[in-house]
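Reviewing the structure listed below.
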Ligand code: SF4
Ligand code: SF4
Ligand code: SF4
Ligand code: FES
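Residue numbers (this note's numbering), protein chains in the order written: chain A, 483 to 721; chain B, 207 to 386.
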């Protein structure tokens, strides 16, 4: 295994060749906010919360989809980065209908946690209040697009771990939505096995189990991902 | 130390934030010892007074009366606090925005769903006309402090009041409230 050396917030660090900047940060104990990333799934750089500055590059880089290279100089906590991260989270709140008080994920939500960690106490942008539909056709689960942040974790877990590829992304810009099969109701999906993996990895109250009241969706179980990955790839069957 | 002038106001909310305010229980005594309550829905004062130091405003801005009140509060208050999720984000009060403007909402509620005497309530000077969009306070006036929660806990309210009214620190400040 070859190794590259780079500078992380002024500190020299080494990383395995091919590692992402997010992995380098995690291994060096540098906390980066993430939303679309989930250990055990591929990375797609959808949320841009893990943005970092790379010396000599004008554009910011999403750490989860940028490979560490020899000699890179990375900054993770500049004023500009913090400003952008706040704006991103505020825009996520403004874009759809996040009525936390009546949301199943209230108190167990990654978006709320992010807002708190970034010190957000109000949203400076005009709320869009789009008219979105809720799909309760599945016998056990509900998809509420009001709360979806388009992280595509559901799409990836269903494809990469469950192997069903029920979820996909349709539409563009404000009209972008996750869909089941070819935008047919989830309850009519021929491919969905009902495994619930998408519900467990969803960071918000967008996917939830039926019969949950506001604040009722207790923390989701994400550890199954690592377990399944290790079982398949390393043949380790221990939890 | 001169006594502070303190007020609370109730716009488009359910009054849950005010209930939580009352949940401060015996700590309310610290408050009355240090500040004069000059306006609140629990008192019979019609006009919002001048020269208020701190005002907690509950609820979103949903009708013309709310907007007028909020502007008066802003003009006569030093520190305006957005009190609770409706004031901070619009929250449940703003759910109607997804359905369209005021007209669509009134039609749905008072005409389409009426069993008897369908009629949109309208009494000029008595029933304030709805605004087209429900909005949080800071969409209309500058806000100095945001106190989220649905409702904010009594501890969170007390911590903010301790600081803003410079009350003698009797209780340790609460954990930071979560957003939304
Ligand atoms: S998903 Fe639910 S709890 Fe999370 S921010 Fe949105 S409305 Fe609030
Ligand atoms: S329940 Fe399982 S199979 Fe069905 S959509 Fe979710 S992850 Fe895919
Ligand atoms: S439904 Fe949940 S997991 Fe899927 S994209 Fe939306 S927020 Fe992400
Ligand atoms: S975590 Fe890197 S872009 Fe979302």
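Every residue, glycine too, gets a C-beta built ideally from N, C-alpha and C.
All values reported here derive from a predicted model rather than from experimental measurement.
At a Cβ-Cβ threshold of 7 Å, residue 585/A and residue 687/A count as neighbours. The Cβ atoms of residue 684/A and residue 636/A lie closer than 7 Å to each other. In terms of side-chain proximity, the C-beta atom of residue 532/A is found nearer than 6 Å to a non-hydrogen atom of ligand 4.
According to the DSSP assignment, residue 592/A belongs to the alpha helix (DSSP H) that extends over 592-599. C-alpha of residue 483/A to C-alpha of residue 499/A: approximately 7 Å in a straight line.
Not one beta carbon of chain A lies nearer than 7 Å to the beta carbon of residue 269/B.
Boundaries for residue 533/A: no alpha helix (DSSP H) harbours it, while the beta strand (DSSP E) harbouring it runs 533-536, taken from the DSSP string. Under the Cβ criterion of 7 Å, residue 265/B is not counted among the residues facing chain A. Taking a beta-carbon distance threshold of 7 Å, residue 298/B counts as an interface residue toward chain A. Only those residues of the stretch 304-332 of chain B whose C-beta falls short of 9 Å from the nearest C-beta of chain A are listed: 304, 305 and 306. Uninterrupted beta strand (DSSP E) stretches at least 3 residues long and entirely within the stretch 632-672 of chain A occur at 649-652 and 659-662, given in chain order.
Judged by pairs of C-beta atoms under 8 Å, the stretch 665-674 of chain A touches the stretch 616-630 of chain A, as three or more such pairs exist. For residue 385/B, the closest Cβ of chain A is nearer than 7 Å. Chain order gives the chain B residues near residue 612/A as 304, where near means a beta carbon separation below 8 Å. The beta-carbon distance between residue 639/A and residue 680/A, rounded to whole angstroms, is 6 Å. This is short enough to meet the 8 Å contact definition.
In the DSSP assignment, residue 264/B falls within the beta strand (DSSP E) that extends over 258-264. Chain A places no beta carbon closer than 7 Å to that of residue 224/B, leaving this residue out of the contacts. If you ignore the 5 residues before and after residue 572/A, its C-beta comes within less than 7 Å of the C-beta of 602, 605, 606 and 607, all in its own chain and listed in chain order. Interface residue (Cβ-Cβ distance to chain B less than 7 Å): residue 594/A is classified as such.
Taken from the Cβ of residue 688/A, at least one heavy atom of ligand 3 lies inside 6 Å.
Below the 8 Å Cβ cutoff, chain B contributes 301 and 304 as neighbours of residue 579/A, in chain order.
Inter-segment contact for the stretch 265-283 of chain B and the stretch 345-354 of chain B is present: three or more beta-carbon pairs are separated by less than 8 Å.
Shown in chain order are the residues whose CB sits closer than 6 Å to a heavy atom of ligand 2: 639/A, 640/A, 644/A, 646/A, 648/A, 649/A, 674/A, 675/A, 676/A, 677/A, 678/A, 679/A and 680/A.
With a cutoff of 6 Å, residue 610/A does not count as near ligand 1, since its C-beta is closer than that to no heavy atom of the ligand. Of the other Cβ atoms in all chains shown, fewer than 16 fall within 10 Å of the Cβ of residue 719/A; this residue is therefore exposed. If you check the C-beta of residue 636/A against ligand 4, you find no heavy atom less than 6 Å away.
Of the residues 222/B, 221/B and 258/B, the one whose Cα lies closest to the Cα of residue 371/B is 258/B. Within the model, the alpha-carbon separation for residue 597/A versus residue 321/B is close to 45 Å.
If you look at residue 706/A, you'll find it isn't in any beta strand (DSSP E); it sits in the alpha helix (DSSP H) that goes 705-715.
Set against 6 Å, the gap from the CB of residue 517/A to the closest heavy atom of ligand 4 is smaller. If you look at residue 309/B, you'll find it in the alpha helix (DSSP H) that goes 308-312.
CA-CA distance, residue 663/A to residue 521/A, rounds to 25 Å. The Cβ-Cβ distance between residue 583/A and residue 297/B falls below 7 Å. For residue 542/A, no pairing in a beta bridge is given by DSSP.
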